[in-house]
Amino acid sequence: TMIRLMSGQIFQEAVGLMKARLKNETSLARQLYLYTGHDFTIVGIQRILGLTDTCHWVVEPSSALILELRTDPATNGSYIKVLYIDGVSKDLEPVELAIPGCDSPCSLYQLMNMTEKYYNVTDWQKECEI
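Here is the structure:
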């Protein structure tokens with residue numbers, strides 16, 4: 001539940017923007033959306049993606065988690081690529097992370113099915129009850 005509360009909403013927004021882009025529902029010509037957050041936001045999104053084995057439990061300053069929406073020219077299918085940049089590495093090179101339980105490349109719709117329980121919050125009042 002804490003993952004849903006801490007990182008679910010920002011993940012839901014990212015997925016929504018990707019879906020809108022694929023369906024040409026957005027009038028925005030943006031190619032890139034950037035969000036800033038805290039270390040626990042990055043860890044939360046890693047957990048949503050099931051990246052517990054490769055999860056960086058201590059997120060260093062200036063680290064980044066990158067979600068790329070890509071199109072396979074051969075199939076015209078859309079997929080997600082996840083990259084991580086360790087903010088204290090010397091080269092700051094992005095490292096691709098494999099999403100457990102998702103084919104490689106990982107289809108956006110397969111990812112949405114796998115992660116929906118973390119971001120599909122319809123009643124925040126009920127979700128936040130103690």
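Per the UniProt record's numbering, residue 1 is the first one in the sequence shown, and the count goes up by one each step.
Yeah, the Cβ is synthetic: ideal placement off N, Cα and C, and Gly gets one too.
Since the model is a prediction, treat every value here as computed from it, not as a measurement.
Leaving aside the five residues before and after residue i along the sequence, list all residues of the same chain whose C-beta is less than 8 Å from its C-beta, in chain order.
i: residue 51; result: 82, 97, 99, 100
i: residue 127; result: 1, 4, 5, 121
i: residue 33; result: 14, 17
Go through its chain and collect everything with a Cβ distance to residue i's Cβ below 6 Å, but skip five positions before and after it.
i: residue 94; result: 83, 85
i: residue 71; result: 78
i: residue 118; result: 3, 4, 8, 48
i: residue 22; result: 78
So, with DSSP's three-state summary, where would you put residue i?
i: residue 89; result: coil
i: residue 134; result: For residue 134 there is no data in the structure shown, the boundaries of the chain being 1 and 130.
i: residue 74; result: coil
i: residue 7; result: helix
What does the Cβ neighbour count give for residue i, buried or exposed, with the cut at 16 atoms within 10 Å?
i: residue 11; result: buried
i: residue 92; result: exposed
i: residue 15; result: buried
i: residue 87; result: exposed
Identify the residues that DSSP records as bridge partners of residue i: which are they?
i: residue 68; result: 81
i: residue 95; result: 84
Just to check my reading of the structure: residue i and residue j have Cβ atoms closer than 8 Å, yes? What is that Cβ distance to the nearest angstrom?
i: residue 80; j: residue 106; result: 5 Å
Can you find a C-beta in chain B that's less than 7 Å from the C-beta of residue i?
i: residue 36; result: Structure shown: chain B not included; a single protein chain is present.
Could you check whether the Cβ of residue i sits closer than 6 Å to any heavy atom belonging to the ligand COA?
i: residue 37; result: Of the ligands one can find in the structure shown there are none, so the ligand COA has no counterpart to examine.
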